[in-house]
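Structure first, commentary second.
Chains as they are written, first to last, in my numbering: chain S, 1 to 107; chain L, 1001 to 1121.
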């Protein structure tokens, strides 16, 4: 299985701050990398697909980048609704696997 | 709009089977792929498996001997059965559509709200 190491596991941050979450795969995944957001009420929604493509309706302050084994999600200026859990997920090979999650907390 | 809703018992005894239903509205399950994902206490997420538009299935090898995903196309529902559960199967279970774009990029584009299942005697 491809292991996805997501860092940091938690991140205190302030409104308006720029933050970056990293995801490292145990082997190259050819950009087959998605990002999801889970809100405190449990609802999950896609943010970014295939490394850098913004899901329809997701604000442009979210962006994704990366290649090979290293990928990142950046939020350019934190809004109150962005404090949530974030997960990366690879689908280069089965079984599809997720990162361990990053909890974005208000500082 | 595509909507998914999980349902099933919130408490299952160890060694018994866990059975969940995902009811889909706004889209036919005879198109696309439909999956189950669970989130454990402590935040780890695990893809469990999927059923395809044709009814074929794919499972996470870590579960392969215990899991079954089936469907009822007349009701537009698909199901999860996990056998011989232990306390380590305590998790929030989600169903989701594995969708794709016009460029054939794939991702879980619609999710249910999740159902918490506790395995305890």
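Every residue, glycine too, gets a C-beta built ideally from N, C-alpha and C.
All values derive from a computational prediction rather than experimental measurement.
Residue from L:1024, L:1044, L:1121 and L:1042 whose Cα sits closest to the Cα of residue 1035 of chain L = L:1024
key: Within chain L, the residues that residue 42 of chain S reaches when beta carbons sit closer than 7 Å   = 1092, 1113 and 1114
key: contact_flag[the segment 90-102 of chain S, the segment 1038-1051 of chain L] where n(CB pairs < 8 Å) is 3 or more   = yes
request  = Output, in chain order, the set of chain S residues within a Cβ distance shorter than 9 Å of residue 1032 of chain L.
outcome  = The contacting residues do not exist; residue 1032 of chain L stays about 14 Å from chain S at best.
Assigned exposure category for residue 1014 of chain L - 16 Cβ within 10 Å defines buried = exposed
request  = Could you say which of L:1057, L:1002, L:1001 and L:1021 lies nearest to residue 1114 of chain L if we only look at CA atoms?
outcome  = L:1021
task = Establish whether the CB of residue 101 of chain S and some CB of chain L are separated by less than 8 Å.
result = yes
query = In this structure, does DSSP put residue 1046 of chain L in helix, strand or coil?
reply = strand
query = So which residues on chain L does residue 94 of chain S lean against when the C-beta distance must stay under 7 Å?
reply = 1058
ask   = Going by beta carbon distance, what residues of the same chain come within less than 8 Å of residue 1117 of chain L, once the five residues before and after it are set aside?
value = 1008, 1009, 1010, 1011, 1012, 1018, 1020, 1089, 1090, 1091, 1092 and 1093
ask   = Mind listing which residues of the segment 61-82 of chain S have their C-beta closer than 7 Å to chain L's C-betas, in chain order?
value = none
request  = Under 8 Å between beta-carbons, which chain S residues line up against residue 1105 of chain L? List them in chain order, please.
outcome  = 49, 50 and 53
message = Measuring straight from C-alpha to C-alpha, what distance separates residue 33 of chain S and residue 1065 of chain L?
response = 28 Å
key: Range of the contiguous beta strand (DSSP E) that encloses residue 1097 of chain L   = 1091-1100
ask   = Can you tell which of L:1111, L:1120 and L:1119 has the C-alpha that lies nearest to the C-alpha of residue 1002 of chain L?
value = L:1111
ask   = Interface residues of chain L around residue 87 of chain S at Cβ under 8 Å?
value = 1045
key: residue 1069 of chain L versus residue 1057 of chain L: straight-line alpha-carbon distance, rounded   = 7 Å
message = For residue 1040 of chain L, would you say it is in contact with chain S, using Cβ-to-Cβ distances shorter than 8 Å as the test?
response = no
query = What is the rounded straight-line gap between the Cα of residue 29 of chain S and the Cα of residue 19 of chain S?
reply = 23 Å
request  = Taking only runs that begin and end inside the segment 1017-1085 of chain L, name each unbroken beta strand (DSSP E) of 3 or more residues, in chain order.
outcome  = 1018-1025, 1033-1039, 1045-1052, 1057-1059, 1067-1072 and 1077-1082
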